[in-house]
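S.K.: Counting from 1, position 161 in the sequence shown corresponds to residue 145 in the working numbering; the numbering is continuous, with no gaps.
No residue lacks a Cβ here, since even glycine has one placed at the ideal position from N, Cα and C.
Please read all numbers here as calculations on a predicted model, not as lab measurements.
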Amino acid sequence: MELPPYLATMPMHAITEIHGERGLLERFRLEIQAFDPAARERLTEALDLAADLHRDDRRVREPYLNHLLRVAIRMMHHYQVRDVDVIVAGLLHDAVEDHPDELAGPGAADPTAAALATLADRFGPRVARLVAAVTNPEYDPERDPHVQYREHVAASLDREPWARVIKISDFTDNGVGVVYTIGPKVARSAAKYRPLVPVFRDLISRPDTPLSAPVKRHIFAQLDLAEERFSAILDTPN
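1) With H, G and I counted as helix, E and B as strand and the rest as coil, what does DSSP make of E81?
2) Whole angstroms is fine: what's the gap from S(-11)'s alpha carbon to A98's?
3) Leaving out five residues before and five after M73 in sequence, what residues of the same chain have Cβ atoms less than 7 Å from its Cβ?
4) Less than 8 Å separating the beta-carbons of R11 and I(-1)?
5) When you compare only the Cα positions, how much space is there between V160 and L53?
6) Does DSSP put E144 in a helix, a strand or coil?
7) Helix, strand or coil, according to DSSP, for R42 in the structure here?
8) Which of helix, strand or coil does DSSP assign to P(-11)?
9) To the nearest angstrom, report how far apart A30 and V80 are at their CA atoms.
10) Using CA atoms only, rank isn't needed, just tell me which of P179, E211, Q206 and I217 is closest to H62.
11) Reducing DSSP to helix, strand and coil, say where P198 ends up.
12) Measure the CB-CB distance between S140 and N158 and report whether it falls below 8 Å.
13) Which whole-angstrom value is the C-beta distance of L(-9) and N50, which I expect to be below 8 Å?
In structure tokens, the structure reads:
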């Protein structure tokens, strides 16, 4: 199917449903036209690495790369982010958590640290720091993993304002998009993400979160929508 000339104005869920990965890749290329050639080359390199690392990964019914593309596109289009480090980190935000050994190479004593060092070498220490801030640590198997996840998000993002921007785009794709999930994972995801809504409201409302007032209002509306969907999933009697 030929991609339409109005792809740049289509909602991302519509691009995903109708055109899939090919459409999202083209939308990404359209978005990065706003950047200079050096920035476009760097963003394309990050996309290529993400595509390679996640080449066999799936997210419910779609290639995992679709999720990473939406996270990056959302930041550029809806959040008006022009900081290349932040978008690169958005594309690679799951790379260390999901593929530390592949990034680190053979024989690394600490694959996570080595993977972050690889990102620092390729894209700079700030990108590695942002990815580290949104990478889940090893959790205590004796404690509720969802509680530990919320604690990690609150603590890690407290000290990294730009990492909040990456994480809220990730959360929006997962939380607002929970209705596109199928099977038992719907309720599990809603239960995991619902308690994070007030955490993100607080983080995004802070003066040091580097987003404009209209963008913050947009994000708050998305959090309202996520909460509405979580309520419909978890509070509606079967």
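M.R.: The structure says:
1) Helix at E81.
2) The residue you asked about is not Ser; residue -11 is Pro in the sequence shown. Distance between the alpha carbons of P(-11) and A98 is about 43 Å.
3) According to the sequence displayed, residue 73 carries Ala and not Met. Cβ neighbours of A73 beyond the five flanking positions: V111, L114, V115 and I150.
4) Against a cut-off of 8 Å, the Cβ pair of I(-1) and R11 comes out as a contact.
5) Spanning the alpha carbons of V160 and L53 requires a straight line of approximately 16 Å.
6) DSSP, read as helix, strand or coil, puts E144 in coil.
7) It is a strand residue.
8) Coil.
9) If I take the Cα positions, the gap works out to 13 Å.
10) Comparing Cα-Cα distances from H62 to each of P179, E211, Q206 and I217, the minimum goes to Q206.
11) It is helical.
12) Cβ distance not < 8 Å, so S140 and N158 don't count as in contact.
13) Approximately 15 Å separates the beta-carbon atoms of L(-9) and N50; this is outside 8 Å, ruling out the contact.
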